[in-house]
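In order, the protein sequences belong to chains A and B. For the first sequence, position 202 matches number 224 in this note's numbering, and the numbering has no gaps at all. For the second sequence, position 50 matches number 63 in this note's numbering, and the numbering has no gaps at all. All C-beta atoms in this analysis are idealised placements derived from N, C-alpha and C, irrespective of residue type, glycine included. One structure is given here, and the rest of the page talks about it.
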Amino acid sequence: MTDSLPTTSAGAPTQGAAPTRPAGTAPGTPGAAVVVDHVSHTYGRGDTAHHAIHDLNFEVMPKECVSIVGPSGAGKTTLLRTLAGLLQPSEGAVWVNGKKNTGVPDGMAMVFQDYSRSLLPWLSVERNVAFPIAGSSLSKPERKALVDESLEAVGLKGFEKRYPWQLSGGMQQRVAIARALAYRPKLMLMDEPFASVDAQTREGLEDLVLSIRDRYDMTILFVTHDIDESVYLANRVLVLSRPPATLVEDIRVELAEPRDQITTREDPAFIHLRGHVARLIHSGGEPV
Amino acid sequence: MAIATPAPPAPTTGPTPPRAQKPRSTARRNAVLRGLAGVVGLILLLEIVSRSGLVNTNFLPPFSSVLWKAITLWGDEVFRADVLSTLLTYVYGMLIACAIAIPVGVVLGMFRPAYRGARAIVELMRPIPPVALVPLVLLVLGAGLEMKLVIVVFAAIWPIMFNTLYGVHDVDPYAKEMARSFGVSRFGVIRRVVIPSAAPFVVTGIRIASSIALIVVITVELIAGGAQGIGAFISRERAFSDAESYLAVLAATVTAGLLGLVINLGIGWLERRFFGWDATARGGA
């Protein structure tokens with residue numbers, strides 16, 4: 023794939039994309055962790071073509087925690103798969119850590135929604151967590167240290183020898199998060215990670231994300247359909263419209279840190295924000 | 014909403030108790046006991062019918078004498094050589110069949126165009142009864158080990174190949190995507206996700222092929238004159254058609270049955286031991 027200049031259509035200048043930018047360098051703010059540059063994607067062609075996302079442009083700076091929300095079927099997962107390099111967008115490009123995605127980017131880990139399918143049932147918990155680093159150049163003790171620390175970070179010490187199917191849903195998703203952590207990613211993508219667990223487990227997992235965000239220097243992008251969650255966890259909320267999805271609003275979330283399941287959710291600023299996001303989503307991307 | 018339930022910072026999900034192992038093993042033992050009761054009952058019935066003089070003891074000798082004959086036959090060097098020959102043919106045949114069927118199954122399962130290309134040939138060859146090939150192969154290779162091997166391999170290939178194919182095809186694309194998201198190469202995904210995930214299917218295929226292979230080995234030995242093996246032994250003994258040889262035929266048949274049983278139990282044990290994680294193996298054990 024050639025690193026030619028992204029298709030900057032004439033007459034529609036992107037913010038921050040200098041036209042004199044040398045070939046092969048990322049558009050947008052220098053040092054951005056993620057740059058999404060004029061990304062559109064259409065599945066299939068002809069009559070059955072589905073235009074999932076249309077001309078998305080945004081940036082994520084390092085250590086930001088950004089949530090992506092939108093009406094169901096809004097192409098949130100399509101966007102995430104594009105960021106993960108699992109899907110090449112029909113148009114535009116994604117740049118991760120200054121490099122254009124032509125495949126899966128370095129230093130990126132993904133947490134999938136369906137833990138029961140993303141964990142490998144024939145591997146014990148510790149070997150599942152070691153999966154991304156099993157083929158690496160690290161020595162055995164180094165790998166073990168990474169696995170132990172990651173399991174400790176998600177509160178699963180002592181479960182190393184168990185198998186995923188012996189654990190509850192919430193614990194399985196913790197294993198999947200530990201697996202992502204063992205990879206020591208710079209960028210962590212989460213695709214509706216808590217959609218399949220019960221409400222109480224969900225709160226525990228949300229606080230886990232907050233704690234690992236503080237503990238590890240990571241940029242986190244996660245897709246959710248839970249409006250409260252999108253505000254509770256993030257520094258920024260990106261609201262997408264109905265498909266073909268465009269960016270409706272990029273909302274900054276400035277809530278008191280550390281966040282807390284009770285006090286943060288009582289905060290009038292929180293209540294105001296969640297109401298705003300909810301209105302945007304319910305209107306399907308029309309201005310409110 | 015605002016009034017949320019108190020959320021402890023520690024994991025909200027408590028440790029689950031260890032999986033209850035006991036009821037399952039008890040149930041298993043009961044099943045084995047019931048199975049044994051059936052066998053013992055049948056043996057007793059045979060013994061009684063035979064000894065009561067209701068039937069000609071030449072045709073239905075008491076089971077105890079058949080069993081005794083099956084044990085004493087092991088003292089016969091010719092019989093031992095025959096059993097060994099059958100076993101070797103079976104083992105070599107299975108190894109060759111696996112060596113061919115598993116890689117072919119993986120390729121056909123992974124690449125749809127390859128499957129479509131091979132389908133016509135496969136569907137043409139699969140319905141051929143392996144034993145129908147005996148005259149042809151006899152003509153080309155004579156009555157030795159090679160002849161038996163060719164036919165056994167032909168019989169054993171299909172279940173292994175199709176199970177591998179379905180197993181590989183059935184691998185969750187989600188798991189493959191997970192591996193890819195960690196930068197695992199295409200070949201790495203096959204080695205670390207596809208093959209382990211398909212392994213229980215492959216072993217089931219091997220178990221099915223294994224019983225077919227044993228049947229086919231003995232059948233070929235029976236019908237191809239001059240061959241070695243349990244089947245050939247039965248065929249030779251039958252020719253004498255006296256009471257003693259009749260007993261030998263029955264004893265050899267029982268031996269063949271026991272051989273099949275032991276092999277089947279062995280593979281079943283392997284399945285439970287190594288593929289206990291697989292839901293089908295867990296539930297169907």
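Short Cβ contact (9 Å threshold) for residue i with residue j
| i | j | result |
| --- | --- | --- |
| B/ALA212 | A/TRP144 | yes |
| B/VAL262 | B/TYR103 | no |
| A/LYS85 | A/THR241 | yes |
| B/SER210 | A/LEU142 | yes |
| A/SER252 | A/VAL299 | yes |
| A/LYS183 | A/VAL126 | no |
| B/ALA237 | B/ALA156 | yes |
| A/ARG281 | A/LEU232 | yes |
| B/SER63 | B/LEU55 | no |
| A/LEU211 | A/ALA278 | no |
| A/ILE249 | A/ILE303 | yes |
| A/LEU168 | A/LEU160 | yes |
| A/TYR185 | A/PRO154 | no |
| A/GLY192 | A/ASP220 | yes |
| B/ALA110 | B/ALA169 | yes |
| B/ILE203 | B/GLY118 | no |
| A/GLY46 | A/GLU81 | no |
| A/ALA156 | A/LEU178 | no |
| B/PRO188 | A/ARG139 | Here the sequence assigns Ala to residue 188 of chain B, which means Pro is not the residue at that position. For B/ALA188 and A/ARG139, yes; Cβs fall inside 9 Å. |
| A/ASN257 | A/GLU271 | no |
Burial state of residue i, where buried means 16 or more other Cβ atoms lie within 10 Å
| i | result |
| --- | --- |
| B/GLN34 | Bear in mind that a pLDDT of 45 at B/GLN34, under 50, signals an unreliable position, so the number given afterwards is only what the model happens to contain. Exposed. |
| A/GLU164 | exposed |
| B/MET138 | exposed |
| B/PRO22 | Annotation note: pLDDT 42 at B/PRO22 (below 50); position unreliable, coordinate value reported separately. So B/PRO22 counts as exposed. |
| B/SER248 | buried |
| A/PHE292 | buried |
| B/PRO140 | exposed |
| A/GLY95 | exposed |
| B/ALA50 | exposed |
| B/PHE76 | buried |
| B/ASN176 | buried |
| A/ARG296 | buried |
| A/ASN123 | buried |
| B/PHE288 | buried |
| B/ASP291 | buried |
| B/GLY122 | buried |
| A/HIS294 | exposed |
| B/TRP171 | buried |
| B/GLU234 | buried |
| A/PHE216 | buried |
| B/PHE246 | buried |
| B/ARG42 | exposed |
Per DSSP, cross-strand counterpart(s) of residue i
| i | result |
| --- | --- |
| A/ALA291 | Answer is none; A/ALA291 lacks a bridge partner. |
| A/TYR65 | A/HIS72 |
| B/PHE287 | BP columns for B/PHE287 are empty, so no partner. |
| A/PHE244 | A/SER89 and A/MET212 |
| A/LYS122 | A/TRP117 |
| A/GLU271 | A/VAL261 |
| A/VAL176 | Paired residue(s): none; A/VAL176 is not in a bridge. |
| A/ASP59 | A/ALA115 |
| A/VAL133 | A/MET212 |
Contacts that residue i makes with chain D (C-beta to C-beta distance below 7 Å)
| i | result |
| --- | --- |
| A/SER140 | Chain labels in this structure do not include chain D; the protein chains are A and B. |
**Asked** Is it true that the stretch 229-245 of chain B meets the stretch 87-99 of chain B, where meeting means three or more beta-carbon pairs spaced less than 8 Å apart?
**Response** yes
**Item:** Every unbroken beta strand (DSSP E) inside the stretch 184-227 of chain A [3 residues or more]
**Value:** 209-213
**Prompt:** Counting only runs that start and end within the stretch 77-106 of chain A, where is the alpha helix (DSSP H) found for 4 or more residues in a row?
**Reply:** 98-105
**Asked** Which residue spans inside the stretch 176-207 of chain B form an unbroken alpha helix (DSSP H) run of at least 4?
**Response** 186-194 and 199-202
**Asked** Would the stretch 105-118 of chain A and the stretch 63-72 of chain A be scored as touching if the rule is three or more Cβ pairs under 8 Å?
**Response** yes
**the stretch 88-96 of chain A in contact with the stretch 253-262 of chain A per 3-pair CB rule at 8 Å** = yes
**Prompt:** For the stretch 48-122 of chain B, which segments carrying the alpha helix (DSSP H) assignment without a break, of at least 4 residues, lie completely within its bounds, in sequence order?
**Reply:** 76-85
**Request:** Kindly confirm or deny that the stretch 216-224 of chain B and the stretch 280-287 of chain B touch, where touching means at least three C-beta pairs closer than 8 Å.
**Result:** yes
**Asked** Just checking, does the stretch 116-123 of chain A make contact with the stretch 165-176 of chain B on the three C-beta pairs under 8 Å criterion?
**Response** no
**Prompt:** If you pair each beta-carbon of the stretch 196-207 of chain B with each one of the stretch 145-162 of chain B, do three or more pairs fall below 8 Å?
**Reply:** no
**Request:** Answer yes if the stretch 118-133 of chain A comes into contact with the stretch 170-184 of chain B, meaning at least three C-beta pairs across the two stretches below 8 Å, and no otherwise.
**Result:** no
**Message:** I'd like to know if the stretch 219-238 of chain A and the stretch 193-201 of chain A are in contact, where contact means that at least 3 CB-CB pairs between them fall below 8 Å.
**Reply:** yes
**Request:** Please confirm if the stretch 72-85 of chain A is in contact with the stretch 265-279 of chain A, defined as three or more CB-CB distances below 8 Å between the two stretches.
**Result:** yes
**Prompt:** In chain order, which alpha helix (DSSP H) runs of at least 4 residues are fully inside the stretch 204-262 of chain B?
**Reply:** 208-236 and 243-253
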